[in-house]
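Visitor: In my numbering, the protein residues as written are 46 to 248.
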Ligand code: ATP
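#1: Please identify the residue among 141, 78, 157 and 182 whose C-alpha is closest to the C-alpha of residue 176.
#2: Taking the beta carbon of residue 140 as the centre, do at least 16 other beta carbons fall within 10 Å, making it buried, or is it exposed?
#3: Alpha carbon to alpha carbon, how far is residue 71 from residue 162?
#4: In the structure shown, what three-state DSSP assignment does residue 54 receive?
#5: Under the three-state reduction of DSSP, which class applies to residue 198: helix, strand or coil?
#6: On the criterion of 16 or more Cβ atoms from any shown chain inside 10 Å, does residue 61 qualify as buried, or is it exposed?
#7: Within the same chain, show all residues whose beta-carbon is closer than 6 Å to that of residue 88, passing over the 5 residues directly before and after it, in chain order.
#8: Helix, strand or coil, according to DSSP, for residue 143 in the structure here?
#9: Could you please go through the chain and list the residues whose beta-carbon is closer than 6 Å to any non-hydrogen atom of ligand 1?
#10: Could you name the residues of the same chain whose beta carbon sits closer than 7 Å to that of residue 110, not counting the 5 residues immediately before and after it, in chain order?
#11: Residue ranges of each alpha helix (DSSP H) run of no fewer than 4 residues wholly in the segment 70-147, ordered along the chain?
#12: Give, in chain order, every unbroken run of the alpha helix (DSSP H) that is at least 4 residues long and sits entirely within the segment 205-247.
#13: Can you tell me where the beta strand (DSSP E) holding residue 182 begins and where it ends?
#14: From the DSSP output, which residues share a beta bridge with residue 162?
#15: Pick out whichever of 150, 172 and 171 has its Cα sitting closest to the Cα of residue 80.
#16: Can you tell me whether residue 166 is buried or exposed? The criterion is at least 16 other CB atoms within 10 Å of its CB, across all chains shown.
#17: My assumption, with CB atoms under 8 Å, is that residue 130 sits in contact with residue 124. Please give the rounded CB distance.
#18: Is it right to say residue 128 is buried, meaning 16 or more other beta carbons lie within 10 angstroms of its own, or is it exposed?
#19: In terms of alpha-carbon separation, which member of 200, 231, 77 and 237 lies closest to residue 178?
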């Protein structure tokens, strides 16, 4: 396990993975242990509702109003089928997400650990701001079959969603710790316990 030279206080754990790989399952477990989790997906949802400045920037960039569900579906279709457009959107949204993460971090200054659950941790460069990068990993076949089961997708739809992201093989190369979620949830929990024990032993 490689450890960053400068450790922040509290220790920041960046939790990431691919679509359907088990990030929420892992983050729920951290929460159940009383460890605070900052959920970047929740932040994004909140920003869409509350941050008119961000929404206006997106509207200006993409050239249409994004107020209704239909508008959002239109935007989703564009960014889903065109990686460049997705990057443009991410460039607008992520500075706002970072600000919110910083704000939320201040709620937990008295805690030893904070988990930051961020699906695009690596893509947006936030992996450089945490002490440990945890990647929840599964094989592509498992990822697809869990997606099919959870979201009632066809094999082709699941394949498309998986292919639209940075591969888990690549994400793994950025990981300090790979949480292999190929088998049972219990096994995933055991790996998290062992990571946390390792942190205690380092002290
Ligand atoms: P997304 O990126 O789409 O939000 P995620 O990475 O948060 O997904 P989860 O929602 O945690 O992934 O898991 C995806 C699905 O797989 C869920 O239905 C979850 O219950 C199931 N799952 C997670 N881990 C396991 C496991 N070890 N064994 C069986 N099912 C699992």
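Cβ coordinates follow ideal geometry from the N, Cα and C atoms, glycine included.
Guide: Quick answer:
#1: 157
#2: exposed
#3: 9 Å
#4: coil
#5: Assigned with DSSP and collapsed to three states, residue 198 falls in coil, not helix or strand.
#6: buried
#7: 142 and 145
#8: Assignment of residue 143 by DSSP, reduced to helix, strand and coil, places it in the helix class.
#9: 62, 64, 65, 66, 67, 68, 69, 70, 164, 191, 195, 226, 229, 230 and 233
#10: Answer for residue 110: 104 and 116, listed in chain order.
#11: Whole alpha helix (DSSP H) segments, 4+ residues: 85-95, 97-107 and 114-126.
#12: 213-217 and 230-247
#13: For residue 182, the uninterrupted beta strand (DSSP E) run begins and ends at 177-182, by DSSP.
#14: 60 and 84
#15: 150
#16: buried
#17: Indeed they touch by this definition, with Cβ atoms about 5 Å apart.
#18: exposed
#19: 237
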